[in-house]
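Numbering (the working numbering), first residue to last: 417 to 883.
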RNA sequence: GGCGGGGUAGCCAAGUGGUAAGGCAGGGCUCUGCAAAAGCCUCAUCCGUCGGUUCGAUUCCGACCCUCGCCUCCA
């Protein structure tokens, strides 16, 4: 068995094999955030998906170099820098920091390389020069440099590798924008945008004149720098297929003459409460919004990770509440196993790991992988209740859990400190119970619940849990 | 108009040419003074509609209905 992934290039599920002749190292690039605002839950689905891909590759024994760019210069950013009368660095720095914090809260492993567009202007200019030299880019009257789709196709290159494009049938409606100035053809796109007064202090010198990079070029320049002219995997949201990824392919292959990426993976979007997310509908959530509603990053991660990445997922607050309960069930079981195993260590028990692995290998069938986890939880609970799980078996079960959790990234629930007030109430309840004052004991239990704590009586004494 | 996803229980969501994983919610039970976000059990004669192929279809084919996305801001 080996990992199979859906490659957008071939529109089919293919066995994954890395370019590395040793079959070990894998280069993976994921289009990162454009840091003009807090990332929303839809953005997070894509980054959690990228994290799953990386962890699955590592689980399969590959050594992954994970690159995620930070786009810190772009139209919207420039606009907001102007509106807020701030500097580019100050503005983008704030949202970049917030992004990385949230990424961590969601249990995502930090990418190994996080290049910023503004720190790769030289590489970007170099790539554009190559394209100009090869005759597939031209400088227009407005001073901007554009990529010519016609010239590129004229060289025998294919434009439209990720989806079928029919330029004659395309609607060149209201969105073919007013801000694209002097292009030879509508499909052409900007590599370098000439400086305009609205850009303020945001511009760089270049052989083509002062200006700034176009939208797509930074990904080509930075991915090639970090991973080479041809690399294994490139991921992003499905909406990026066109034009962003298509243009990346054109720029990169146009400049290097080599295949750019072996596997393209695209994550589907999500709906929130069955509707397309929009601020107006009130179903637009950032991670911060959800935390304010009392949910944790790992609960959000669980929910985002509960469904197949290639299908639209319906993210709901009800679902998030369900995620909280489901996670608590896993936590409970794992905690019991851990307690039973004590300091004993063992090699992972095969049942869970095998079922989990074969599910993931089928193009990341995470739903089936979770089913394996919950079946394991039920079986394990049963054996613990029957008192038939030996210490070595518990250790092996724990090791198996840790193995699959290396992919799931759920980890342990962060144990909340029990506040003195709560501890005092719990003690008072124990005393009341001892005195057979059950009425008082129940009152205290209700009081604890109102304060967000559940108290459970176990054979070994009381147990406090934060809701 | 072009291209591409979907429609499986109250909700979310896998899957298969041979009779439907898993989670949440619901119901029952156990432990318990009573409980519990503690544990176990249970919960779709049925997979959008209508035809076709087949011994057999939710799965393959065709038509239709509904829904979502992309078509130069987009995860």
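All C-beta atoms, glycine included, are put in the ideal place defined by N, C-alpha and C.
Under three-state DSSP, which class holds residue i?
{"i": "residue 554", "result": "strand"}
{"i": "residue 652", "result": "strand"}
{"i": "residue 429", "result": "strand"}
{"i": "residue 878", "result": "strand"}
{"i": "residue 634", "result": "helix"}
{"i": "residue 509", "result": "helix"}
{"i": "residue 562", "result": "strand"}
{"i": "residue 573", "result": "coil"}
{"i": "residue 834", "result": "coil"}
{"i": "residue 685", "result": "coil"}
{"i": "residue 396", "result": "Examination of residue 396 is not possible in this model, given that the chain is present from 417 through 883 alone."}
{"i": "residue 469", "result": "helix"}
Would you mind sorting residue i into buried or exposed? The rule is 16 or more other CB atoms within 10 Å of its CB.
{"i": "residue 449", "result": "buried"}
{"i": "residue 571", "result": "exposed"}
{"i": "residue 639", "result": "buried"}
{"i": "residue 837", "result": "exposed"}
{"i": "residue 594", "result": "The predicted model places residue 594 with a pLDDT of 41, which falls under 50 and marks its position as unreliable; any figure quoted below should be read in that light. Residue 594 should be labelled exposed."}
{"i": "residue 551", "result": "exposed"}
{"i": "residue 648", "result": "buried"}
{"i": "residue 783", "result": "exposed"}
{"i": "residue 662", "result": "buried"}
In terms of residues, what are the limits of the beta strand (DSSP E) holding residue i?
{"i": "residue 606", "result": "605–610"}
{"i": "residue 622", "result": "Where residue 622 is concerned, there is no enclosing beta strand (DSSP E), given that its DSSP letter is neither H nor E."}
{"i": "residue 448", "result": "Here residue 448 belongs to no beta strand (DSSP E), and DSSP marks it neither H nor E."}
{"i": "residue 627", "result": "627–629"}
{"i": "residue 729", "result": "729–731"}
Alpha carbon to alpha carbon, how far is residue j from residue i? Give it in angstroms, no decimals.
{"i": "residue 756", "j": "residue 700", "result": "43 Å"}
{"i": "residue 470", "j": "residue 636", "result": "20 Å"}
{"i": "residue 769", "j": "residue 424", "result": "29 Å"}
{"i": "residue 724", "j": "residue 733", "result": "19 Å"}
{"i": "residue 522", "j": "residue 827", "result": "11 Å"}
{"i": "residue 667", "j": "residue 689", "result": "38 Å"}
{"i": "residue 880", "j": "residue 869", "result": "7 Å"}
{"i": "residue 817", "j": "residue 764", "result": "8 Å"}
{"i": "residue 761", "j": "residue 578", "result": "48 Å"}
{"i": "residue 780", "j": "residue 821", "result": "15 Å"}
{"i": "residue 722", "j": "residue 564", "result": "42 Å"}
{"i": "residue 454", "j": "residue 790", "result": "34 Å"}
{"i": "residue 532", "j": "residue 702", "result": "23 Å"}
{"i": "residue 848", "j": "residue 854", "result": "7 Å"}
Near residue i, which residues of its chain fall below 8 Å by C-beta distance, leaving aside the five closest residues on each side in sequence?
{"i": "residue 694", "result": "700"}
{"i": "residue 679", "result": "421, 423, 425, 430, 432, 648, 649, 650"}
Sorted by chain position, which residues of the same chain lie with C-beta nearer than 6 Å to residue i's C-beta, five sequence neighbours on each side aside?
{"i": "residue 749", "result": "793, 796, 797"}
{"i": "residue 641", "result": "539"}
{"i": "residue 740", "result": "715"}
{"i": "residue 799", "result": "805"}
{"i": "residue 541", "result": "622"}
Looking only at its own chain, which residues have a Cβ that is under 7 Å from the Cβ of residue i, when we skip the five neighbours before and after it?
{"i": "residue 609", "result": "560, 627, 628, 630"}
{"i": "residue 814", "result": "753, 754, 757"}
{"i": "residue 553", "result": "544, 547, 561, 562, 563, 564, 607"}
Which two residues bound the contiguous alpha helix (DSSP H) that contains residue i?
{"i": "residue 542", "result": "537–549"}
{"i": "residue 808", "result": "807–824"}
{"i": "residue 479", "result": "Looking at the DSSP string, residue 479 is not in any alpha helix (DSSP H); the run it does join, the beta strand (DSSP E), is 479–484."}
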